[in-house]
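So the sequence lines, in the order shown, correspond to chains F and Y. The first sequence runs 279 to 850 under this note's numbering. The second sequence runs 279 to 850 under this note's numbering. The C-beta atom is built at its ideal place from N, Cα and C for all residues, glycine as well. One structure below.
2 protein chains.
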Amino acid sequence: MIEQYIDAALGNRTADVVLKNGKFVNVFTGEVQSGDIAITGGKIVGIGTYEGEREYDIRGKVAVPGLIDAHVHIESAQLAPEEFARLVMPRGTTTVIADPHEIVNVCGVAGARYMARAAANTPLEVKLMLPSCVPATPFETSGATISGAETEQLLREDLFWGLGEFMNLPGVIGRDAEAMQKLEAARSLGKIVDGHAPGAEGETLDAYIAAGISTDHECTCPEEAEEKATKGLYVHLREGTAARNVAANCRAVTAANLRRFLFCTDDRHAADIRAQGHIDNALRVAVGAGMNPVWAVIAATLNAAECYGLRGKGAIAPGYDADIAVFDDLQNFHCSYTFKRGEAVAMDGMPLFAAGDQYLPDEVRGTVRAGEISPDGFRLRLKGERANVICLEHGSLITGRAVRTVPSEDGDVVLRGTELLKLAVIERHRGTGNIGLGLLEGCGLWGGAIATTVAHDSHNIIVLGDNNADMAAAARELVRIGGGMAVVGRGRTCSLPLEIGGLMSVLPAEEFVARAEELREAAYDLGVSREIDPFMALSFLALPVIPSLKLTDQGLFDVEKFAFCSIDAEER
Amino acid sequence: MIEQYIDAALGNRTADVVLKNGKFVNVFTGEVQSGDIAITGGKIVGIGTYEGEREYDIRGKVAVPGLIDAHVHIESAQLAPEEFARLVMPRGTTTVIADPHEIVNVCGVAGARYMARAAANTPLEVKLMLPSCVPATPFETSGATISGAETEQLLREDLFWGLGEFMNLPGVIGRDAEAMQKLEAARSLGKIVDGHAPGAEGETLDAYIAAGISTDHECTCPEEAEEKATKGLYVHLREGTAARNVAANCRAVTAANLRRFLFCTDDRHAADIRAQGHIDNALRVAVGAGMNPVWAVIAATLNAAECYGLRGKGAIAPGYDADIAVFDDLQNFHCSYTFKRGEAVAMDGMPLFAAGDQYLPDEVRGTVRAGEISPDGFRLRLKGERANVICLEHGSLITGRAVRTVPSEDGDVVLRGTELLKLAVIERHRGTGNIGLGLLEGCGLWGGAIATTVAHDSHNIIVLGDNNADMAAAARELVRIGGGMAVVGRGRTCSLPLEIGGLMSVLPAEEFVARAEELREAAYDLGVSREIDPFMALSFLALPVIPSLKLTDQGLFDVEKFAFCSIDAEER
Chain F
279 MIEQYIDAAL GNRTADVVLK NGKFVNVFTG EVQSGDIAIT GGKIVGIGTY EGEREYDIRG
339 KVAVPGLIDA HVHIESAQLA PEEFARLVMP RGTTTVIADP HEIVNVCGVA GARYMARAAA
399 NTPLEVKLML PSCVPATPFE TSGATISGAE TEQLLREDLF WGLGEFMNLP GVIGRDAEAM
459 QKLEAARSLG KIVDGHAPGA EGETLDAYIA AGISTDHECT CPEEAEEKAT KGLYVHLREG
519 TAARNVAANC RAVTAANLRR FLFCTDDRHA ADIRAQGHID NALRVAVGAG MNPVWAVIAA
579 TLNAAECYGL RGKGAIAPGY DADIAVFDDL QNFHCSYTFK RGEAVAMDGM PLFAAGDQYL
639 PDEVRGTVRA GEISPDGFRL RLKGERANVI CLEHGSLITG RAVRTVPSED GDVVLRGTEL
699 LKLAVIERHR GTGNIGLGLL EGCGLWGGAI ATTVAHDSHN IIVLGDNNAD MAAAARELVR
759 IGGGMAVVGR GRTCSLPLEI GGLMSVLPAE EFVARAEELR EAAYDLGVSR EIDPFMALSF
819 LALPVIPSLK LTDQGLFDVE KFAFCSIDAE ER
Chain Y
279 MIEQYIDAAL GNRTADVVLK NGKFVNVFTG EVQSGDIAIT GGKIVGIGTY EGEREYDIRG
339 KVAVPGLIDA HVHIESAQLA PEEFARLVMP RGTTTVIADP HEIVNVCGVA GARYMARAAA
399 NTPLEVKLML PSCVPATPFE TSGATISGAE TEQLLREDLF WGLGEFMNLP GVIGRDAEAM
459 QKLEAARSLG KIVDGHAPGA EGETLDAYIA AGISTDHECT CPEEAEEKAT KGLYVHLREG
519 TAARNVAANC RAVTAANLRR FLFCTDDRHA ADIRAQGHID NALRVAVGAG MNPVWAVIAA
579 TLNAAECYGL RGKGAIAPGY DADIAVFDDL QNFHCSYTFK RGEAVAMDGM PLFAAGDQYL
639 PDEVRGTVRA GEISPDGFRL RLKGERANVI CLEHGSLITG RAVRTVPSED GDVVLRGTEL
699 LKLAVIERHR GTGNIGLGLL EGCGLWGGAI ATTVAHDSHN IIVLGDNNAD MAAAARELVR
759 IGGGMAVVGR GRTCSLPLEI GGLMSVLPAE EFVARAEELR EAAYDLGVSR EIDPFMALSF
819 LALPVIPSLK LTDQGLFDVE KFAFCSIDAE ER
């Protein structure tokens, strides 16, 4: 094996592949240099003047190391890993550090095994992190639980590169026993732990880092990014669908601290990847915001490789894996070619590898196991006329709260004449029949219901509607199709299955994006405000870690008090 | 364990140790910052305002991460690892990457196990590399052989952090089967391989790197260092006893390529460490030559930790090991304190840990097992009067060569009236009785002999003298004392044992340095030129990889032709 690298480097044998006549970013010197890039046995063997069995003329273009998404929940694209790869590889991405937090909260570790095997059908290199928070909180019913002891066992498997984002900041600071056991396991096995510490600073931040956490992707301003990098955290510059922090946070990068910065997408929908791109998009945004383009490339390649200990990744130099993205320039980052271990896997925006048969084991299908669903289950009985309601805030995952007057009739609220809708979260993993009910203001739907099984982080069924019959029908439709998204109203039912764990579609990206768009239109037709993305808005209303009032299958949750609260408002 | 870090970071418990009122180098930002450094359980837990069980006032001083010697043959100090630690830790060194190439060539893997256990008696952290060239060449008899297959087995042991400097550049380029097996083993186990490629450039260098080699410490000019860093090698800036490259090569360092540079000493004698220092000395030299002091610190700490994958080393930040050197300033680098995992291990130049009982297993003692030694064995029978002789060149490890007329009498050369001395290398590992004989010009000794068992890289007995009787006596004296250095002449015998493998003394550093100095004086008394260090000069005359004419126990060796050559010069 090594012999062939040596022979090819010396020119004693023709290289397998040569990228000729182009330039490349040397991440070790920060320079754009010239030279043929010779590749043999999947590795770069030399840079100079070479001939190859296959040659690619990249005159006028710039090769950079394959881009690395340093933190992504693939599930958020809502595509199978096979389709995700077909979408991101033509954008120059060759490796992702993936935290299968969503599918594992539904299917347990079987979900992670599925992600690994499905990704292995593609040239995309996926390093899986073991989700550290399953369930995300004790205030919801998830499809699986991973204890500290199980974490210790699982981390020993090659399957997991490290421990996924440790969202339980209060658990770290409060030295929660399970949290300690998980962190101790990662420490003793020498595995990296990703962080998630929005707003943490000062001694709290020191404590969080001292606990063994190495990264953070939640900075919302350059000052926060700067403090975190100064204290030695690797800081991910994130450009997702909802959270877009690159333009602001790249201002924290200096020549001296550059090596602590990476890029990631975290949660990014297929539609955005298709329309705007993946890490290439993040680079465009960074350069547009004034970041040195070579610095941006270094952050997205060498830095990510060093942070995660990806030996042989992140550089165009002898001995490195031939993971290479060829861009037209370092301004627009239009990707002409993507190479993975020396094979051309994408050209001019199109993947060169077949979709093939998707890997679809039983474990990730038919995951919607709700109890009986009837319109009567949605009856909301108030003690009085005053209720705590959730207020949707456009353009934010944070919700407001208010106390509103709501009339009742026959043991159920009467919504007609109010600005309110009924919200329900139905447990769908264990058939417990749990149903949490609440009221939402600020959405604008009437004469129907919308529902989805993508409901962070436990991914129960969440339904929003103005009448019990349509709500029940929408929820049942999700049960029927094995999870997904549904719109029911005015005698019409539309739905789009997310067969894989109720989270991801088996469709090709293009078709899926088009059908998701149709479904969104159906929701708008029911009167949902065009200022919000109906299903994305819905999917964050069950997340009990983002302020201020949320709904889980166990009831209405006051995030600030970190406790359940009654829907009945105290009389004042 | 993690709980205590969190508690101490939050100030909920008093830290074990706090360094108060000082400044420190933040290797992540390149800044000199202020703040108390709080340490608990051996780790830095926070930087800010803290109180500790023990407090050190470092007002006016600068703390930096503990210095890392990225490549050292401890044996070259000629002290036991215990004494080496007592010498280097007061200089701010807390970790060394050690290649026990010398002792393993004498004692085999038992030598490496000895180094590890002896070092474990001290707070110095020693990461051992498995020597890759045992023997260094097939043209000499060493005490041990490590094959490719054995390398594969040994590299699986935790004992070895990686594969030691791969000196066999021709073997790599020529795809020697054993070399390939060793490199393949390191590759498949994901272990780092150190390089040694003086002068390699262009395609040869690409091939050497593509073979899986990550570092080089043999650059002799900044252009060479720059090319190597550009191609992704980590480049060690070396300041040893004979080889001193820091002042020249640090000119290759730029803001952009800084992260590829480290510091090392390679071969540095106890006398120089005592008089001038260790990595602290290298930093002084670098800063004296114009290198940014903070860059120099980053190279000697964070960069070395990243290159060798030393998690938790190389920075003063939460979560990092509390390996800290406190210097008076970043110009003179006078070390006030050294901390290892939070314990003060040195203060004002003195170690704070006891010498204790040295670990001295049988395997590394009594290693001088020569065959019978008699004056007659030194008889050098020439076919004619013309001989190929080795010419000592002052201030260089390279030797010249010349053809000289040498009279003979009774089947032996007559040296009286010439500038020549007789040189002999006597096999001393297996009692084969091998003796290689040669002639040396340019040393100036008369009426005696000097000898040592430190003779790179196989460490046979090397003897230089002007008469067979004194040469035999000197060699026998080395056998008697179990290896070391000897001076015999004019009726007097002086010697200094190197009991450990014939390479290292059991004496305390101070006493050893003084006695070595006395012995050197005894050699000068015999007429050896004061322009050379007699024993160091001798120790490199048996190294068949440095041009141009050398002597091994198997005979005179022409390094350019890489073959043995006759001492009888062809008539022209």
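Endpoints, beta strand (DSSP E) assigned at residue i
i: residue 624 of chain F; result: 621-625
i: residue 304 of chain F; result: 301-304
i: residue 675 of chain Y; result: Neither: residue 675 of chain Y is in no beta strand (DSSP E) and is coded neither H nor E.
i: residue 294 of chain Y; result: 293-298
C-beta neighbour in chain Y for residue i, strict 8 Å
i: residue 307 of chain F; result: yes
i: residue 298 of chain F; result: no
i: residue 708 of chain F; result: no
i: residue 304 of chain F; result: yes
i: residue 596 of chain F; result: yes
i: residue 462 of chain F; result: yes
i: residue 279 of chain F; result: yes
i: residue 588 of chain F; result: no
i: residue 468 of chain F; result: yes
C-beta contact flag for residue i and residue j at 8 Å
i: residue 525 of chain Y; j: residue 670 of chain Y; result: no
i: residue 886 of chain F; j: residue 666 of chain F; result: This structure cannot settle anything about residue 886 of chain F, because the visible part of chain F is limited to 279 through 850.
i: residue 562 of chain Y; j: residue 523 of chain Y; result: no
i: residue 541 of chain F; j: residue 531 of chain F; result: no
i: residue 715 of chain F; j: residue 742 of chain F; result: no
i: residue 732 of chain F; j: residue 674 of chain F; result: no
i: residue 463 of chain F; j: residue 284 of chain Y; result: no
i: residue 515 of chain F; j: residue 467 of chain F; result: no
i: residue 472 of chain F; j: residue 443 of chain F; result: yes
i: residue 773 of chain Y; j: residue 787 of chain Y; result: no
i: residue 576 of chain F; j: residue 341 of chain F; result: no
i: residue 431 of chain F; j: residue 790 of chain F; result: no
i: residue 381 of chain F; j: residue 596 of chain F; result: no
i: residue 498 of chain F; j: residue 451 of chain F; result: no
i: residue 812 of chain Y; j: residue 415 of chain Y; result: no
i: residue 296 of chain F; j: residue 314 of chain F; result: yes
CB contact below 8 Å: residue i versus chain F
i: residue 508 of chain Y; result: yes
i: residue 323 of chain Y; result: yes
i: residue 364 of chain Y; result: no
i: residue 664 of chain Y; result: no
i: residue 824 of chain Y; result: no
i: residue 593 of chain Y; result: yes
i: residue 802 of chain Y; result: no
i: residue 284 of chain Y; result: yes
First through last residue of the alpha helix (DSSP H) which encompasses residue i
i: residue 316 of chain Y; result: That residue, residue 316 of chain Y, is in no alpha helix (DSSP H); its beta strand (DSSP E) goes 314-318.
Just by C-beta distance, which residues in the stretch 671-700 of chain F are closer than 9 Å to chain Y?
none
If contact is defined by three or more beta carbon pairs under 8 Å, each pair taking one atom from either stretch, is the stretch 327-341 of chain Y in contact with the stretch 285-301 of chain Y?
Flag = yes, the stretch 285-301 of chain Y and the stretch 327-341 of chain Y touch.
Residues from the stretch 515-537 of chain F in contact with chain Y, defined by Cβ distance under 7 Å
533, 534, 535 and 537
Decide yes or no for the touch test of the stretch 371-379 of chain Y against the stretch 348-355 of chain Y: beta carbon pairs closer than 8 Å, at least 3 of them.
Yes, they touch.
Quick one: which residues of the stretch 424-458 of chain F get their C-beta closer than 8 Å to a C-beta of chain Y? List them in chain order.
450, 451, 453 and 458
According to a CB-to-CB cut-off of less than 9 Å, which residues of the stretch 476-488 of chain Y neighbour chain F?
The residues in question are 480, 481, 482, 483, 484, 485, 486, 487 and 488.
Residues from the stretch 557-585 of chain Y in contact with chain F, defined by Cβ distance under 7 Å
Going along the stretch 557-585 of chain Y in chain order, one finds 584 with a Cβ nearer than 7 Å to chain F.
Could you run through the stretch 619-634 of chain Y and flag, in chain order, every residue whose CB is less than 7 Å away from some CB of chain F?
none
Check whether the stretch 652-668 of chain F and the stretch 679-687 of chain F are in contact - that is, three or more C-beta pairs closer than 8 Å.
yes
Taking contact to mean 3 or more Cβ pairs, one atom from each stretch, closer than 8 Å, check whether the stretch 547-557 of chain F and the stretch 566-574 of chain F are in contact.
no
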